[in-house]
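Residue 224 in this note's numbering sits at position 172 of the sequence shown, and the numbers go up by one each step.
Heads up, the beta-carbon is just placed ideally off N, CA and C, and yes, glycines get one too.
Values in this document were obtained by computation on a predicted structure and should not be read as measured data.
Heads up: the structure comes next, in structure tokens.
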Amino acid sequence: MTEDKKKENNKEKTKEQLDKEQEEKEHMIESLKKAGNIAKEVKKFIKPKIKVGKKALEIVNETESKIVELEGNMAFPVNLSINNIAAHYTSPIKDDGLVINDGDIVKIDLGVHVNGYIVDTAFSISFNDTKPLQNIIQATEVAVEAAKMMVKPKTNTRDIGKKIEDIIKGFKYNPIKELGGHQIERWTV
């Protein structure tokens, strides 16, 4: 084989590799968009169903069923945490005694994956109208919105965390120190 023919073969191989990489990237983006849209729809569906007197397990089951109905997959079991449980509580399968009560603050954390590409989202609902709790909720909402504005390629997550901390402290609260974020990779939370 001549030297020119070898170079030509290498160029073709490189183009094939680039095409494959581009195809994989497009597949990832489409999968993440679909997972994100499903998560958004699930949140819209479940929020009005969370009410005082409703069993936590019923909320979890409805949330998980909606993910599947919308052709997504659960990235992890739906977490439903109440009051002083900050996050990541998963109700035992047969625990139907946990009920939403007046005065509770409920946190839902759900993950959707499409083709192994994971979207993780959470929200809180308060059944407590006391001023201090409403102020905490306002502080977290302001902090989350500021954090979302900072998310872009090459942004250091520490900078985002610092911004969140500064905002929460500006409301005269202290953020939970040992409850941090986590990495998400394909098929892995």
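Proximity of the segment 182-197 to the segment 218-232 meets the contact definition, three or more beta-carbon pairs being nearer than 8 Å. Judged by DSSP secondary structure, D161 falls within the beta strand (DSSP E) whose first and last residues are 157-166. Two segments are said to touch when three or more pairs of C-beta atoms, one from each, lie closer than 8 Å; by this definition the segment 160-167 touches the segment 107-119.
Between the beta-carbon of K215 and that of A199 there is about 6 Å, and that keeps the pair under the 8 Å contact cut. K159 is not a Cβ neighbour of N113, given a cutoff of 9 Å. In the DSSP secondary-structure assignment, Y169 is bridged to V166.
The alpha-carbon separation between D181 and I188 amounts to approximately 11 Å. For V120, the uninterrupted alpha helix (DSSP H) segment begins and ends at 108-121.
When the Cα atoms are used, K77 and F128 turn out to be separated by approximately 24 Å.
Cα atoms of A138 and K101: separation of roughly 21 Å, rounded to the nearest angstrom.
DSSP, reduced to helix, strand and coil, places I188 within a helical segment of the structure shown. Under the three-state reduction of DSSP, V196 is assigned to helix. With respect to the C-alpha of I134, the residue from S176, I228, E93 having the closest C-alpha is S176. When L185, I111, T207, I98 are compared, the shortest CA-CA separation from Y225 is found for L185.
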